[in-house]
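So the sequences go chain by chain: U and Z.
If you read the first sequence in our numbering, its first letter stands for residue 276, the second for the next number, and so on.
If you read the second sequence in our numbering, its first letter stands for residue 3, the second for the next number, and so on.
For reference, the structure is listed below as structure tokens.
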Amino acid sequence: ETGVTQTPRHLVMGMTNKKSLKCEQHLGHNAMYWYKQSAKKPLELMFVYNFKEQTENNSVPSRFSPECPNSSHLFLHLHTLQPEDSALYLCASSQDSGLAKNIQYFGAGTRLSVL
Amino acid sequence: DQQVKQNSPSLSVQEGRISILNCDYTNSMFDYFLWYKKYPAEGPTFLISISSIKDKNEDGRFTVFLNKSAKHLSLHIVPSQPGDSAVYFCAATSNNAGNMLTFGGGTRLMVKP
Numbered sequence: 276e277t278g279v280t281q282t283p284r285h286l287v288m289g290m291t292n293k294k295s296l297k298c299e300q301h302l303g304h305n306a307m308y309w310y311k312q313s314a315k316k317p318l319e320l321m322f323v324y325n326f327k328e329q330t331e332n333n334s335v336p337s338r339f340s341p342e343c344p345n346s347s348h349l350f351l352h353l354h355t356l357q358p359e360d361s362a363l364y365l366c367a368s369s370q371d372s373g374l375a376k377n378i379q380y381f382g383a384g385t386r387l388s389v390l
Numbered sequence: 003d004q005q006v007k008q009n010s011p012s013l014s015v016q017e018g019r020i021s022i023l024n025c026d027y028t029n030s031m032f033d034y035f036l037w038y039k040k041y042p043a044e045g046p047t048f049l050i051s052i053s054s055i056k057d058k059n060e061d062g063r064f065t066v067f068l069n070k071s072a073k074h075l076s077l078h079i080v081p082s083q084p085g086d087s088a089v090y091f092c093a094a095t096s097n098n099a100g101n102m103l104t105f106g107g108g109t110r111l112m113v114k115p
């Protein structure tokens, strides 16, 4: 148990659906991250929030919409996705996003399949 | 173009022997490096890190070596145990980038009993 919980663990959705991924951390951290891991590709950073403010958007298409209502919760709202968006989506948290030495703690991920 | 590369997708080692996992990077601005371990159905967990001011960092059975001139780092596990079987990810960042990690593609380590 890393202290970072992601739900759901698995999600299948059609291209016209709207769904949301949820991440919750119980570590008292102030920074939260979304990563995408496609098959046979490295983890790619998508978004970073530090003290509830978005500090990084790594050129992510607008069909992915993050939301960070407080430092403990992070959402990724999905709409009109494409089959190539099928991947493992990982959430992480750290004390803050300013220092490289702040270890990131990851959730187990949501395996998303877009049909 | 991948800035962090792990050229060996898999590695098989006998229990008790040394495991050596390699990682190369291209961005000379990177000055902080990390290794994460991932078991199936779990998220990556932090293993060990090294700053560019050092060339070696050791934590128990795990040692990371950094060769800045070659832009290469390696993770040594001695002795290897079956429980070490997992996917190992190398990651890098720069102090300017804070905690924005760039990951390699991972190496699957299998330690045979």
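C-beta: ideal position from N, C-alpha, C; glycine also.
Find the residues of chain Z that neighbour residue i, judging by a C-beta separation of less than 8 Å, and give them in chain order.
| i | result |
| --- | --- |
| P283/U | Here the premise fails: no neighbours, minimum Cβ distance about 14 Å. |
| S369/U | N101 |
| G384/U | G45 |
| L302/U | What L302/U touches in chain Z: nothing, since even the nearest Cβ is about 13 Å away. |
| V335/U | Simply none; closest approach about 14 Å. |
| A306/U | N101 |
Quickly, what does DSSP pair residue i with across the bridge? List them, please.
| i | result |
| --- | --- |
| L36/Z | S51/Z, A93/Z |
| I22/Z | H78/Z |
| V335/U | The partner list for V335/U (beta bridge, DSSP) is empty, contrary to what the question assumes. |
| Q329/U | Y324/U |
| K293/U | H354/U |
| R110/Z | S12/Z, V89/Z |
| K70/Z | Its beta-bridge partners do not exist; DSSP assigns none. |
| C366/U | W309/U |
| Y27/Z | V6/Z |
| P341/U | L351/U |
| D57/Z | According to DSSP, D57/Z bridges with nothing at all. |
| Q83/Z | According to DSSP, Q83/Z bridges with nothing at all. |
| R284/U | Partner(s): none; R284/U has no beta bridge. |
| E299/U | T280/U, H348/U |
Can residue i and residue j be called in contact, C-beta distance under 8 Å?
| i | j | result |
| --- | --- | --- |
| C298/U | Q312/U | no |
| G107/Z | K316/U | yes |
| I50/Z | F64/Z | yes |
| K73/Z | Y34/Z | no |
| V323/U | Y308/U | yes |
| A93/Z | L13/Z | no |
| F339/U | L349/U | no |
If I'm right that residue i touches residue j with Cβ under 8 Å, what's the distance once you round it to whole angstroms?
| i | j | result |
| --- | --- | --- |
| L387/U | L302/U | Not really, about 24 Å apart at Cβ, beyond 8 Å. |
| L320/U | M102/Z | 6 Å |
| S346/U | N305/U | 5 Å |
| Y90/Z | L111/Z | 6 Å |
| P84/Z | P115/Z | 5 Å |
| G62/Z | S372/U | Actually they are not in contact, since the Cβ atoms of G62/Z and S372/U sit about 28 Å apart, beyond 8 Å. |
| V389/U | P358/U | 5 Å |
Along chain Z, in chain order, which residues have C-beta atoms closer than 7 Å to that of residue i?
| i | result |
| --- | --- |
| T277/U | G45, T47 |
| E331/U | M102 |
Going along chain U, which residues have a C-beta under 9 Å from residue i?
| i | result |
| --- | --- |
| T95/Z | A375 |
Going along chain U, which residues have a C-beta under 7 Å from residue i?
| i | result |
| --- | --- |
| Y27/Z | Those do not exist, as Y27/Z stays about 12 Å from chain U at its closest Cβ, beyond 7 Å. |
| Q4/Z | P317 |
Which residues in chain U sit within 8 Å of residue i, going by Cβ to Cβ distance?
| i | result |
| --- | --- |
| G1/Z | It is not possible to answer for residue 1/Z, since the shown part of chain Z is limited to 3 through 115. |
| Y151/Z | Here chain Z covers residues 3 to 115 and nothing more, so residue 151/Z does not appear. |
| F64/Z | Simply none; closest approach about 15 Å. |
| F91/Z | P317, L318 |
At a CB-CB cut-off below 9 Å, which residues of chain Z make contact with residue i?
| i | result |
| --- | --- |
| F339/U | Residues of chain Z passing the Cβ test: none, with the nearest at roughly 18 Å. |
message = Check whether the region 374–387 of chain U and the region 359–366 of chain U touch, using three or more Cβ-Cβ pairs below 8 Å as the test.
response = yes
inquiry  = Three or more C-beta pairs under 8 Å: does that hold for the region 77–86 of chain Z against the region 12–21 of chain Z?
reply    = yes
key: Given 8 Å, three or more beta-carbon pairs between the region 325–332 of chain U and the region 3–14 of chain Z   = no
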